[in-house]
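First the structure, in the form of structure tokens, and then the observations on it.
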Amino acid sequence: HILPYLRLYPHCLHVPEVYGICQLPQQRNFLSTPGQDVVILLENAPIDANGNLYPSMESMWTSATAVRQVYWLWQIWELWIPLSELGVASSLLVPTNLRVQGWRLRLRELYRDTMADTSISPVVPSNGLEDRGFDTLVSRDSPAEPTSVSEPSVDASLKQLGECWEAWCRKASVSVADPLQAIAQHLQTEHPSLSAIASQLNHLLLEQAAHQPLRLQIAGITATGSSHSHNEDSCYPTKADLIKDPEQSQDPLIPHLSIICDGIGGHEGGEIASQLALQSIKLQVRALLAELNEDPELMTPELVTENLSAIIRVANNMISSRNDQQERESRRRMATTLTLALQLPQMVNTPEGKTNGHEIYIASVGDSRAYWLTPDYCQQLTVDDDVATREVRLGRSLYRQALQRSDAQALTQALGTKEAELLRPTVQRFIVEEDGLLLLCSDGLSNNNLIEKFGRDLPQKVNSHRISVESAAESLIELGFKHNGQDDISVVLTYCAVSPQYPTVLNLGDISSSKELQVVNLEQQTALTPSLPAEITTTNDKKPETTRSYRDWIRALFGLLGVVGILVGAGAILLATQWVLAPEGFQKMRDRFFPSPDPNLPESSPTEQELPDN
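Going by the numbering used here, the final residue of the sequence shown carries number 1880, and the count climbs one at a time with no gaps.
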């Protein structure tokens, strides 16, 4: 009954894990049934920090965006085949069993597809079980509805899946309702084409995601641990790779590619292996992006996965060949872990034109990790390739039991330790449809659940622009050295933003009310000027606006007087020339403008003449 949970451990992003099996005290009454005293305890269940179940997908459906609705269905589609192979696909047909945490689809528990043995009691989901008492673990006061893995259910089929989807599609966003209805009806046909359904759903998902703007900012840092003489980690990009000079061309890989390689401790030449892997992958991804630009057709997730797996195997063979050339055997062979994230910039046709489809592919080998961080949650996206994971995946142990092994954290695969045919990289595709931070890091940072404990405050600070992406990466390096000891630490942080940017509206009232405060700040700045560098002093030495306007007015006045002076001088020259060359004409013009008094007129007016005597 617990085997499906164990086999599905690689899908722990969506499926809960078995924490343990609890034996309850025997209850002897006429209602008891043999075998009902066993309870399966689950962890990693869809329960929040307050002990409440996350909302069901059905309850959140109408309030979700179109891209999120399609993304939830895409995740169901991806889970269908692995769950069908283990006989638990009906878990995807129970609406109350499908829970959502933002973009992420999560199953409350697993249902068997056929009539099950009734010897198992209902599953009691829990969160953070290792921190709770035994009585809490077996408590029946769970927020979950009373369900059980032994509850009978009909065989799961694609027709049933189509019926479920059709009911949801009736309430879907207008922009995706009709295409989703067509897909749901196709699922209910006698012989549905799985490849056609996957292609239609994928194209619809990329099209809806492309309606949002995508902005990326990236920063990478690697630091040597205090106990090491040299750094065996490598990462891309680093500060040296990020060119800020606008006249220099930026590497086309930036900001789309991020890489973490951790040279394995105990292996000679770990730093060489990590550098070989990094350079090989950069070269091959650059060729992949060039091919992508030349091909107008969209690359399917399956094709991209095959390409990335092939790229990783080529890098593995480079390291393996170097080991063979140097006759390195056993633990002397140099090796490295690898986690890479590629934001595939393939263009999708939309009514607004061709835009980015928001795909991020994450490939991993070893125990370097990838996380998705938002102000609301911290989600680990990768699964470690170690002994504990192998034992669970093969169904030989519960994860908590496997962790008790002395070799629990020993790696089961890494680049350079074996031939490429034996390498099994894990490649996953995600869609960016919310603002968040994509974090890639080596185990020097992720050990002891450090990201889960301290990583939640970081996205809010970056989202609000209180700190830069580079400062956030530096703070993670400091956090790792403070809490995880002296191991090498590498971090690559990518800020992914899809929210629209709006112009900032200035409040003139606030500006005028703070006028007095601004004067004080300017005086303080002037007082500090002598201690500042010369170039800063020159840059900040601004003249008052009133002085600048006064000088402009003086310049205009002098210009006007100059024009008047030129006109007066030209007139005087013209008059003098006429007086010399034509004195008679000059005299007539003078008489016209300045006439002489008439000699025949009396010298005084009649009122001023003396009256005769009577």
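Here a beta-carbon is modelled for each residue, glycine too, at the ideal position from N, C-alpha and C. Just so we're clear, the structure is a prediction, and the values are computed from it rather than from any experiment.
- If you compare the alpha carbons of A1739, G1702, D1444, I1697 with that of V1333, the shortest gap goes to I1697.
- About 40 Å separates the beta carbons of E1537 and E1563, which is beyond the 8 Å limit, so they are not a contact pair.
- Residue pairing by DSSP places K1620 opposite N1615 in a beta bridge.
- If you look at S1441, you'll find it in the alpha helix (DSSP H) that goes 1440 to 1453.
- Separation of the CB atoms of I1484 and V1757 is rounded to 11 Å, and the pair is thereby denied contact status at 8 Å.
- Counted as a single uninterrupted DSSP element, the beta strand (DSSP E) harbouring T1605 occupies residues 1604 to 1610.
- Taking a 10 Å sphere around the C-beta of K1548, we find 16 or more other C-beta atoms and assign the residue as buried.
- In the DSSP assignment, R1481 falls within the unbroken beta strand (DSSP E) covering 1481 to 1489.
- The C-beta distance from D1642 to G1368 rounds to 6 Å, short enough to fall under 8 Å.
- Excluding the 5 residues flanking it on each side, R1722 has same chain C-beta neighbours closer than 6 Å at C1644, in chain order.
- In the pairwise beta carbon analysis, the region 1646 to 1656 is classified as touching the region 1617 to 1631: at least three pairs are separated by under 8 Å.
- Shown here for Q1451: same chain residues with a beta carbon closer than 8 Å to its own, the five before and five after excluded, namely G1428, E1432 in chain order.
- The alpha carbon of W1343 has as its nearest neighbour, out of L1460, H1494, P1445, G1623, the alpha carbon of L1460.
- Annotation: the continuous beta strand (DSSP E) that includes G1702 extends over 1702 to 1707.
- Residue state for S1322 is assigned as strand, using DSSP reduced to three classes.
- Of the candidates T1678, Q1679, V1658, the residue whose Cα lies closest to the Cα of L1669 is V1658.
- Beta-bridge pairing by DSSP links G1831 to no other residue.
- By the neighbour-count criterion, in which a residue is buried when 16 or more other Cβ atoms sit within 10 angstroms of its Cβ, A1739 is buried.
- When the Cα atoms are used, G1619 and P1479 turn out to be separated by approximately 12 Å.
- With contacts defined by Cβ atoms closer than 8 Å, I1487 and I1717 do not form a contacting pair.
- Here the alpha carbons of A1607 and N1615 stand approximately 24 Å from one another.
- For R1365, same chain residues with a beta-carbon under 8 Å away, outside a window of 5 residues either side, are P1312, L1319, Y1320, P1321, S1322, M1323, L1371, R1372, L1373, R1374 in chain order.
- A1601 places its beta carbon less than 8 Å from that of L1681.
- Membership of Q1367 in the beta strand (DSSP E) is indicated by the continuous run 1364 to 1367.
- Taking each of S1524, V1580, E1625 in turn and checking the Cα distance to T1566, the smallest one comes out for E1625.
- T1683 and R1599 do touch by the CB rule: their CB atoms are close to 6 Å apart, below 8 Å.
- Less than 8 Å divides the Cβ of L1482 from the Cβ of P1521.
- DSSP places A1315 outside both helix and strand once states are collapsed to three, so it counts as coil.
- Under the three-state reduction of DSSP output, V1305 falls in the strand class.
- Sequence-distant partners of L1472 (beyond 5 residues in either direction) whose C-beta falls short of 6 Å from its own C-beta, in its chain, are V1614, G1623.
- According to the DSSP assignment, I1585 belongs to the alpha helix (DSSP H) that extends over 1567 to 1591.
- Contact between A1438 and Q1335 holds, since their C-beta atoms are separated by about 5 Å, short of 8 Å.
- Taking A1443 as the centre and dropping the five residues before and after it, the same chain places the C-beta of C1435 closer than 7 Å to its C-beta, in chain order.
- Boundaries of the beta strand (DSSP E) harbouring W1638: 1635 to 1639, taken from the DSSP string.
- The three-state reading of DSSP puts Q1516 in coil, since its state is none of H, G, I, E or B.
- Closest by C-alpha distance to A1543, out of V1570, N1715, M1584, Y1271, is M1584.
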